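Notes follow the structure.
2 protein chains.
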Amino acid sequence: MYFRNPIPNSLPRERLLDAAERAVLETGAGHLTLDAVAKFAGVSKGGLLHHFPSKDALLEAMLERYLKDIETQVAERCAGRGGTLTAIEQFRERVRVLLEQHPERRAAGAALIAASADKPDLMAHCRAEYREVLDELAALPGGFERSALVLLAVDGLLLGELLRLSPYTPEERSRLVKALLKAVDQCGRIQ
Amino acid sequence: MYFRNPIPNSLPRERLLDAAERAVLETGAGHLTLDAVAKFAGVSKGGLLHHFPSKDALLEAMLERYLKDIETQVAERCAGRGGTLTAIEQFRERVRVLLEQHPERRAAGAALIAASADKPDLMAHCRAEYREVLDELAALPGGFERSALVLLAVDGLLLGELLRLSPYTPEERSRLVKALLKAVDQCGRIQ
DNA sequence: GTCACCAGACCGTCCGGTCGGTACAGTCGC
DNA sequence: GCGACTGTACCGACCGGACGGTCTGGTGAC
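Chains W and Y, in that order, are what the protein sequence lines are.
Position in the first sequence (from 1) plus 17 gives the number in our numbering.
Position in the second sequence (from 1) plus 17 gives the number in our numbering.
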């Protein structure tokens, strides 16, 4: 199970990051302003800048929290299943973390589009983490292509939703998630 | 083959749209400003605003050109192959248009992230077009999930590149495109 | 002339960031 | 206990620059 304070976050820094994610999703990544974040968080701009000395610092913190959060959740879920998991099983948990996010945390990916829009250089960090995951998956029996395609489809769903491009109904979405998890298992088969 | 003036576009409107795409890719979707576009196009702000009365108009035109361009290219390629193509063959051409874009037109997708960042409501148009494509694909023998997953993977690759999230080398990328085209053919098989 | 096309000065607003100040909780000497 | 002092959290007025958009004027084609 996942917690990290589903209901209004008590830690001020976390509350501010939540507010920033909301601001991005509700007004668009191009309208992420300090005033907007402060207003969403119910705090003054001074208060916001007390915790994050600059907008860049805010963006970095958003991205860092997003990435760390995913790894933490994947690790937790793997630990929760006990024993040592195969690479496929770990992949499966990662996909589930990415796509079956708790509703309260659905906004987390906003960090991606905010950083990309405002300070694209920050994305280097993300690419590097992506690369690591990819290299692990390439070692699966199914080979590089098959795993990468599953990962790409996960990205497509996630990014499509963030950019408001995705036209899928919730029912269709859950069918797709199910199909993706099945595709993950296929990565375990020898090509 | 694809043309639409590979070398510096002669039509002023098109040149300005090209410049806007470049501005987005080089500085990030959040830094798409009229001044930047004008500078990239080698024109004054007045000149830019003569062709696009407002920033919103520019964004709309970018998006419209992007969408229309894809449909035009798909239609051209289908026509080029002569006879009536099956749904699978058309799907195949669409994937190739989306992923094997002429280098000069690689920037076209910038319209997506620019609109999403600056005026998310414009994305409704894109969602609707996406929906249409999706409904056609759902009728394929492979069923909804299989086609949608391929489309999602295409999105993942495309959007990942636009957001600078994609860590794939050119060599890996072409392997992925090949694998995707094979996956398209799988959509023709009965489930 | 006039009309499309363009230049660039200009204006009001917005945005990131600074700064001086307030509130309050601790804590240390006495 | 009590006053002096320190550190943390926060407020909000303010500044300079950037940005979207207006306006005036110019230039070349016809």
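Note that beta-carbon positions come from the ideal geometry of N, C-alpha and C, so glycine has one too.
Since we're looking at a predicted model, the values are computed, not measured.
Not flagged as an interface residue toward chain Y: W:Glu38, since no C-beta distance is shorter than 8 Å. Considering only beta carbons, the part of the region 123 to 136 of chain Y lying closer than 9 Å to chain W consists of Leu129, Ile130, Ala131, Ala132, Ser133, Ala134, Asp135 and Lys136, in chain order.
Here W:Met79 has Leu34, Ala37, Glu38, Ala127, Ala128, Ala131 and Ala132 as same chain residues with Cβ atoms under 8 Å from its own Cβ, once five neighbours each way along the sequence are excluded. Within 10 angstroms of the beta-carbon of Y:Ile207 lie fewer than 16 other beta-carbons, which makes it exposed. Counting C-beta pairs with one atom in each stretch, the region 166 to 176 of chain W and the region 106 to 121 of chain W have three or more that are closer than 8 Å, which means they touch.
Between Y:Ala40 and Y:Val60, the CB-CB gap reaches or exceeds 8 Å.
Residues of chain W with a Cβ closer than 9 Å to the Cβ of Y:Ala53 do not exist; the shortest Cβ-Cβ separation is about 13 Å.
When the beta-carbon positions are compared, W:Cys204 and W:Val167 come within less than 8 Å of each other.
Boundaries for Y:Cys204: no alpha helix (DSSP H) harbours it, and the DSSP string shows neither H nor E there. DSSP places Y:Thr44 in the helix class (H, G or I) of the three-state scheme.
For Y:Phe57, same chain residues with a beta-carbon under 7 Å away, outside a window of 5 residues either side, are Ala36, Arg39 and Ala40 in chain order.
Under the Cβ criterion (8 Å, minimum of three pairs), the region 67 to 74 of chain W does not count as touching the region 145 to 165 of chain W. Here the alpha carbon of W:Glu178 sits roughly 11 Å from the alpha carbon of W:Leu116. A distance of 8 Å or more separates the beta carbons of Y:Ala125 and W:Ala134.
Each of W:Thr50, W:Arg123, W:Leu42 and W:Glu189 was checked against the Cα of Y:Arg148, and the nearest Cα belongs to W:Glu189.
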